[in-house]
Amino acid sequence: MKFDVVLLRLSAIYAFIGAFLGSHMAGAGSYAIRPVHAHILVVGWLSLFAFSSYYRSYVVPKTSKLALFHVWTAIIGSFGLTLGMWLYNVKPFPLPETFTMVFYIVGGSTLLLSFLLFVFMTFKYSDAKIK
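One rule links them: number in this note's numbering = place in the sequence shown (from 1) + 473.
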């Protein structure tokens, strides 16, 4: 798996979704989903793009378990946090509030773990590909 390409593509998808939600809010005249919109752009688009840039710019072994764990927690966490936030705040389906809150918290916690792993990555793999 090419970590930089996977993260870049997911970042582009989040950018489109975030821009779409922003245009929908502006057109509808309602900013009720503003926190979801903001988190999709910051967590999904910007964070995944930054991670992608790191993997493109620094030497990280393809067999690194730390990198694999980081990428998957970033993907699962960004999806879990943003979807959980939407389910919890917008309540589009008649789901139990406990379920949506736990989904939201687990997604956010997974993303937090991803950021911690990224800190470790930057210290472990700090040799630039181009010097």
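Glycine included, C-beta positions come from ideal geometry on N, C-alpha and C.
No experiment lies behind these values; they were computed from the predicted model shown.
- Taking the Cβ atoms as the reference, Lys602 lies roughly 6 Å from Ser530, within the contact range of under 8 Å.
- Cβ neighbours of Trp518 within its own chain (closer than 7 Å, five residues either side excluded): Ser484, Tyr487, Ala488, Gly491.
- Taken through DSSP and simplified to helix, strand or coil, Ala601 comes out as strand.
- Taking Ser587 as reference, the option from Met574, Val544, Tyr598 with the minimal CA-CA separation is Val544.
- With contact defined as three or more Cβ pairs closer than 8 Å, the region 492-499 and the region 556-567 are not in contact.
- Cα atoms of Val533 and Gly581: separation of roughly 26 Å, rounded to the nearest angstrom.
- Gly557 is the residue among Lys597, Gly557, Arg507 whose C-alpha sits nearest the C-alpha of Val579.
- Separation of the CB atoms of His512 and Thr555 is rounded to 5 Å, and the pair is thereby assigned contact status at 8 Å.
- Taking the Cα positions, Val509 is about 11 Å away from Phe552.
- For Ser496, the uninterrupted alpha helix (DSSP H) run begins and ends at 476-501, by DSSP.
- Pairing Pro569 with Phe522, the inter-Cα distance amounts to about 33 Å.
- Secondary-structure assignment with DSSP links Tyr531 through a beta bridge to Ala601.
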